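Engineer:
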Amino acid sequence: MKRITNDTLSIIFERIDDLLKERDTVNIAIDGNSGVGKSTLANLIGEKFDSNIFHMDDFFLTPNLKTEERLNEVGGNVDYVRFNDEVISGIKSKETFKYQLYNCKKLELDDIVVIQPKRLNIIEGSYSMHPTLIKNYDLKIFLQINELEQIERILKRNGPVMLQKFINEWIPKENIYFEKMRIKEKADLIFNI
Numbered sequence: 588m589k590r591i592t593n594d595t596l597s598i599i600f601e602r603i604d605d606l607l608k609e610r611d612t613v614n615i616a617i618d619g620n621s622g623v624g625k626s627t628l629a630n631l632i633g634e635k636f637d638s639n640i641f642h643m644d645d646f647f648l649t650p651n652l653k654t655e656e657r658l659n660e661v662g663g664n665v666d667y668v669r670f671n672d673e674v675i676s677g678i679k680s681k682e683t684f685k686y687q688l689y690n691c692k693k694l695e696l697d698d699i700v701v702i703q704p705k706r707l708n709i710i711e712g713s714y715s716m717h718p719t720l721i722k723n724y725d726l727k728i729f730l731q732i733n734e735l736e737q738i739e740r741i742l743k744r745n746g747p748v749m750l751q752k753f754i755n756e757w758i759p760k761e762n763i764y765f766e767k768m769r770i771k772e773k774a775d776l777i778f779n780i
């Protein structure tokens, strides 16, 4: 099973170092397939650099927004409007800000998180490079994985019942998003994990 290598990390860390020398604030997006290691990469970057990490999983649509029209929209199953209003606007303010986490079990907004501004902000998860958000990033990373490895990882992480949800719903939606929105082509760095 392939993992994020030291060579991969070296390339990413060097790019981040360069960006931090040039800019006051650096925003990084990590997008890619389910199960590829986006959260793992964000955490590895966070161990090396003082940063805030934001997870797109905390911005799934609340039930009242899950209209047929919205769910049929490419990349529409994430609340990119709320993410932009709460997180991107908060980062740009360079002041302390708050946002609310979406609780997938309760199907509602739940805990409020208070964020202190930091120079480095990592936005990880599928749909992080959505066209409504992509202009806010200084570095865009795309991680990809082969289908068999993806299935094995999701099975291990989420179990057989959730695997079926991934196979039948979430992976196909992600793949359409990657293709129609040309997400991979918009990335600055692409890694096969």
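Sequence positions in the sequence shown follow our numbering and run 588 to 780.
Here a beta-carbon is modelled for each residue, glycine too, at the ideal position from N, C-alpha and C.
Since this is a predicted model, take the numbers as computed values, not measurements.
Under the rule that 16 or more other beta-carbon atoms within 10 Å means buried, what is VAL674, buried or exposed?
Structural biologist: What you label residue 674 is simply residue 87 of the sequence shown in a count that begins at 1. By the neighbour-count rule (16 or more Cβ atoms within 10 Å), VAL674 is buried.
Engineer: Considering only C-alpha positions, which residue in the set ILE728, LEU707, ARG769 is nearest to ARG610?
Structural biologist: Locating residue 610 in the sequence shown gives position 23, where the first residue counts as 1. When each option's Cα is compared against that of ARG610, the closest is LEU707.
Engineer: Just to confirm the assignment, what range does the beta strand (DSSP E) spanning TYR689 have?
Structural biologist: The residue you call residue 689 lines up with position 102 of the sequence shown. 684–690 is the extent of the beta strand (DSSP E) around TYR689.
Engineer: Output yes if chain D places a C-beta closer than 8 Å to the C-beta of VAL665; else output no.
Structural biologist: Of the protein chains in this structure there is only one, and it is not chain D.
Engineer: To the nearest angstrom, report how far apart ASN671 and ARG590 are at their CA atoms.
Structural biologist: Here residue 671 is taken as the residue at index 84 of the sequence shown, counted from 1. Here residue 590 is taken as the residue at index 3 of the sequence shown, counted from 1. If I take the Cα positions, the gap works out to 31 Å.
Engineer: Can ASN614 and ILE728 be called in contact, C-beta distance under 8 Å?
Structural biologist: Locating residue 614 in the sequence shown gives position 27, where the first residue counts as 1. Locating residue 728 in the sequence shown gives position 141, where the first residue counts as 1. Contact: no.
Engineer: Identify the continuous alpha helix (DSSP H) that holds LEU628 and give its terminal residues.
Structural biologist: Looking up residue 628 in the sequence shown gives position 41. Taken as a continuous stretch (DSSP letters only), the alpha helix (DSSP H) holding LEU628 covers 625–635.
Engineer: Would the beta-carbon of LEU730 fall within 8 Å of that of LYS625?
Structural biologist: In the sequence shown, counting from the first residue as 1, residue 730 sits at position 143. In the sequence shown, counting from the first residue as 1, residue 625 sits at position 38. Cβ distance < 8 Å, so LEU730 and LYS625 count as in contact.
Engineer: Could you give the C-beta distance for ALA616 and TYR764, rounded to a whole number, given that I count them as a contact under 8 Å?
Structural biologist: For this step, residue 616 is matched to residue 29 along the sequence shown. For this step, residue 764 is matched to residue 177 along the sequence shown. ALA616 to TYR764, Cβ: 13 Å. No contact.
Engineer: Quick check: what's the CA-CA separation for LEU652 versus GLN687?
Structural biologist: One-based indexing of the sequence shown puts residue 652 at position 65. One-based indexing of the sequence shown puts residue 687 at position 100. Computed Cα separation, rounded: 16 Å.
Engineer: Quick one: is THR595 buried, meaning 16 or more other Cβ sit within 10 Å of its Cβ, or exposed?
Structural biologist: Here residue 595 refers to the residue found at position 8 when the sequence shown is read from its first residue. Result: buried.
Engineer: Which residues in the same chain have their Cβ closer than 8 Å to the Cβ of GLY633, if we skip the five residues on either side of it in sequence?
Structural biologist: In the sequence shown, residue 633 corresponds to position 46, counting from 1. Cβ neighbours of GLY633 beyond the five flanking positions: ILE640, ILE709.
Engineer: Can you tell me whether GLN703 is helix, strand or coil according to DSSP?
Structural biologist: Working through the sequence shown from its first residue, we reach residue 703 at position 116. If DSSP states are grouped into helix, strand and coil, GLN703 belongs with coil.
Engineer: How many Å lie between LEU742 and LEU750 at the Cα?
Structural biologist: Within the sequence shown, the letter at position 155 stands for residue 742. Within the sequence shown, the letter at position 163 stands for residue 750. One C-alpha to the other measures close to 6 Å.
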